[in-house]
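Q: Please see the structure below; I have some questions.
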Amino acid sequence: MTSDTSPFRPVTASRSPALTGTVNVPGDKSISHRSLILGSLATGETRVSGLLEGEDVLRTAAAMRALGADIYKDPSGVWHIFGRGVGALSEPDRVLDMGNSGTAARLLMGLVASCPFTTFFCGDESLHKRPMGRIALPITEMGAKISSRSEGRFPLAVTGNQLMPIEYELPVASAQVKSAIMLAALDTAGITRITEPRPSRDHTENMLRHFGAEVTVTTLENGAREITLPGQQELKPADIVVPGDPSSAAFLVVAAAILPGSDVTILNVGLNPLRDGLFETLAEMGADLEVLNIRIEAGERVGDLHIKGGPLQGIEVPVGRAPSMIDEYPVLFVAAAFATGTTVMKGLRELRVKESDRLATMAAGLKACGISLEELEDGLIIEGTGKAPAGGATVSTELDHRIAMSFLVLGLASDQPVTVDDGRVMETSFPGFVQLLESMGALFSQGSSS
């Protein structure tokens, strides 16, 4: 076993029997971040059940406490948020450390842009490499000031101001940029309009309505969407039940799909139509996947996923589907490695500026595991044989939780074990990932596979 003081904690996945069981995955990360932020802006108490307690979301909770909200978890696991109201946050007495969370970093930059003080941000090594210019551009246009030593990257400071409403056309669809502008606009006199070239995740719009805000979304003739948000609205407390994260469920779904004989049900998964692209893609590849018990909770579509192991067929994934599954592409690459034939996945330039360059990192690791592929500037073309790949590699996670989990899924069905250099990064979004899969029959070990 590797000691807790080691700089790395390798985890190895080995060829496993069929996975079985009925399970839940941790709460949706996107919804968890937003429930803490908007609950802190409502006037009164909001209760949140099922909050993801991964490192990223806990960074947001700590930041909102530093900005004046009273937030705690009771013994039953319910989180209580006593909000300050729109425009009533207080100046933090410390630097807000966002750790590895790009979502928290970008949303909170927008949030504090209208606050009459300076907020200092930092993060880990990975976050310091990620570009923040897409956020800085619109919020500085609204009147905030961004100070940074490294061209819009962390560490940086946001000096808030009395902002002006904006009409902003996103150059590329981005839920984080859109949400940052909307959070900045909440305490802005007038109407802010945002146009996105194609739909991106709409959790912020859904949750603002859940808290009583007026948000209008109009689909334009060219397929773009215009979001209209009047500023200076009061948010009312609203209890939230966070559904299971579809991005986390994706790893279990693919693991079950590539292990013959598997039979797994995942309960209470968020199935927002702008987040379910992976499940649609797997169905097109021939996966035995059913969606059951569909319902609406707090404005979000929720259901249960039933997946059985079986053969997959390579396909060409529509480029326009990328925004609905951008975080799931690493594990889709794994599914494609087990499929019969060619899987073409393009339109993925955004993966190069995630926690790591996910295209390059996944390509290198997949090649090391014996998988034939071509790396494009904006995607991968993977040649599957319909058989288990060799595996046998030790893969660098590059501090990226989705890289780590994707290669561990691959190792569960490859001929030889696959090791990731540091399993600790999985706590960012999926605490208990290894333990949950072990309860379904997966085989893992701590330390090197050699």
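Here the sequence shown stands for residues 209 to 658, where the numbers follow the working numbering.
Positions of the beta carbon are idealized from the N, C-alpha and C atoms, including for glycine.
In angstroms, rounded to a whole number, what distance separates the CA positions of S248 and R255?
A: In a straight line, the C-alpha of S248 is about 11 Å away from that of R255.
Q: Going by DSSP in three states, L335 sits in which element: helix, strand or coil?
A: Of the three classes helix, strand and coil, the one that applies to L335 here is helix, per DSSP.
Q: Counting only the same chain and skipping the five closest in sequence on each side, list residues whose C-beta sits under 6 Å from that of R566.
A: Correct list, in chain order: P538, L559.
Q: Leaving out five residues on either side along the sequence, give the residues of the same chain with a beta carbon under 7 Å from the beta carbon of E422.
A: Answer for E422: P438, Q441, listed in chain order.
Q: With a threshold of 6 Å on Cβ separation, who are the neighbours of S211 within its own chain once the five nearest residues in sequence on each side are excluded?
A: The predicted model places S211 with a pLDDT of 35, which falls under 50 and marks its position as unreliable; any figure quoted below should be read in that light. There are no such residues.
Q: So, is V303 buried or exposed, given that buried needs 16 or more other C-beta atoms within 10 angstroms?
A: With fewer than 16 Cβ atoms within 10 Å of its Cβ, V303 is classed as exposed.
Q: Which one or two residues does DSSP pair with N232 in a beta bridge?
A: For N232, which the question treats as bridged, DSSP gives the partners L475.
Q: Taking just the CA atoms, how far does P346 sit from R273?
A: Rounded to the nearest angstrom, the two C-alpha atoms are 26 Å apart.
Q: In this structure, how does DSSP classify R610 when only helix, strand and coil are distinguished?
A: R610 falls in the helix class under three-state DSSP.
Q: To the nearest angstrom, report how far apart A344 and R433 are at their CA atoms.
A: Answer to the nearest angstrom: the Cα atoms are 22 Å apart.
Q: Can you tell me where the beta strand (DSSP E) holding I663 begins and where it ends?
A: The requested residue 663 is not part of the displayed model; the chain covers only 209 to 658.
Q: How would you call G431, buried or exposed, if buried means at least 16 neighbouring beta carbons within 10 angstroms?
A: Answer is exposed; the Cβ neighbour count stays below 16.
Q: How do the region 275-282 and the region 621-629 stand: do at least 3 beta-carbon pairs fall below 8 Å, yes or no?
A: Not touching, per the Cβ criterion.
Q: Do you know how far the Cα of V477 is from the Cα of R503?
A: Cα to Cα, R503 sits roughly 10 Å from V477.
Q: With burial defined as no fewer than 16 other Cβ atoms inside 10 Å of the residue's Cβ, what is the status of D282: buried or exposed?
A: That one is exposed.
Q: For G649, tell me which candidate among T311, V231, P215 has the shortest Cα-Cα distance.
A: Checking every option, the nearest Cα to that of G649 belongs to V231.
Q: Should A221 and V633 be called a contact, given that it needs their Cβ atoms to be closer than 8 Å?
A: Taking 8 Å as the Cβ cut-off, A221 and V633 do not qualify as a contacting pair.
Q: Of all the options M317, R342, S322, F459, which has the alpha carbon lying nearest to the alpha carbon of G330?
A: In the sequence under discussion, the amino acid at residue 330 is Cys, which differs from the Gly named in the question. When each option's Cα is compared against that of C330, the closest is M317.
Q: Mind reading off the beta-carbon distance from E536 to N308? Whole number of angstroms is fine, and I expect it under 8 Å.
A: Not a contact, Cβ separation roughly 18 Å.
Q: Going by DSSP, which residues form a beta bridge with S456?
A: In DSSP, S456 forms no bridge with anything.
Q: Starting from T627, trace the beta strand (DSSP E) in both directions and tell me its first and last residue.
A: Here the beta strand (DSSP E) through T627 covers 626-628.
Q: If M720 and S614 are in contact, beta carbons under 8 Å, what's the gap, nearest whole angstrom?
A: Residue numbering for the chain in the displayed model covers 209 to 658; residue 720 lies beyond these limits and cannot be assessed.
Q: If I measure Cβ to Cβ from L651 and keep anything under 6 Å in the same chain, skipping five residues before and after, which residues do I get?
A: Result list for L651: S222, S224, in chain order.
Q: On the three-pair Cβ rule with 8 Å, is the region 362-375 touching the region 286-295?
A: With the cut-off at 8 Å, the region 362-375 and the region 286-295 do not touch.
Q: In angstroms with no decimal places, state the Cα-to-Cα distance between C323 and A530.
A: Rounded to the nearest angstrom, the two C-alpha atoms are 34 Å apart.
Q: If you drop the 5 nearest sequence neighbours on each side, which residues of the same chain put their C-beta closer than 7 Å to that of S532?
A: Cβ neighbours of S532 beyond the five flanking positions: L482, R483, D484, G485.
Q: Rounded to the nearest angstrom, what separates T473 and L259 at their Cα positions?
A: For T473 and L259, the distance between alpha carbons rounds to 21 Å.
Q: Within 8 Å of any Cβ in chain D, is that where the Cβ of E375 sits?
A: Looking at the structure shown, chain D is missing, and only one protein chain is on hand.
Q: Starting from D512, trace the beta strand (DSSP E) both ways and give me its first and last residue.
A: Run containing D512: 508-516, per the beta strand (DSSP E) assignment.
Q: To the nearest angstrom, how far is the alpha carbon of A612 from that of A465?
A: In a straight line, the C-alpha of A612 is about 19 Å away from that of A465.
Q: Would you list, in sequence order, the uninterrupted beta strand (DSSP E) runs of no fewer than 3 residues that lie entirely inside the region 290-351?
A: With a minimum length of 3 residues, the continuous beta strand (DSSP E) runs that stay inside the region 290-351 are 326-330.
Q: For Y280, count neighbouring Cβ atoms within 10 angstroms of its own Cβ and tell me buried if that reaches 16, exposed if not.
A: Exposed is the call here.
Q: Cutting at 8 Å between CB atoms, please list the residues of its own chain near V561, excluding the five before and the five after it.
A: If we look at V561 and ignore the five residues flanking it on each side, its Cβ neighbours are R338, P339.
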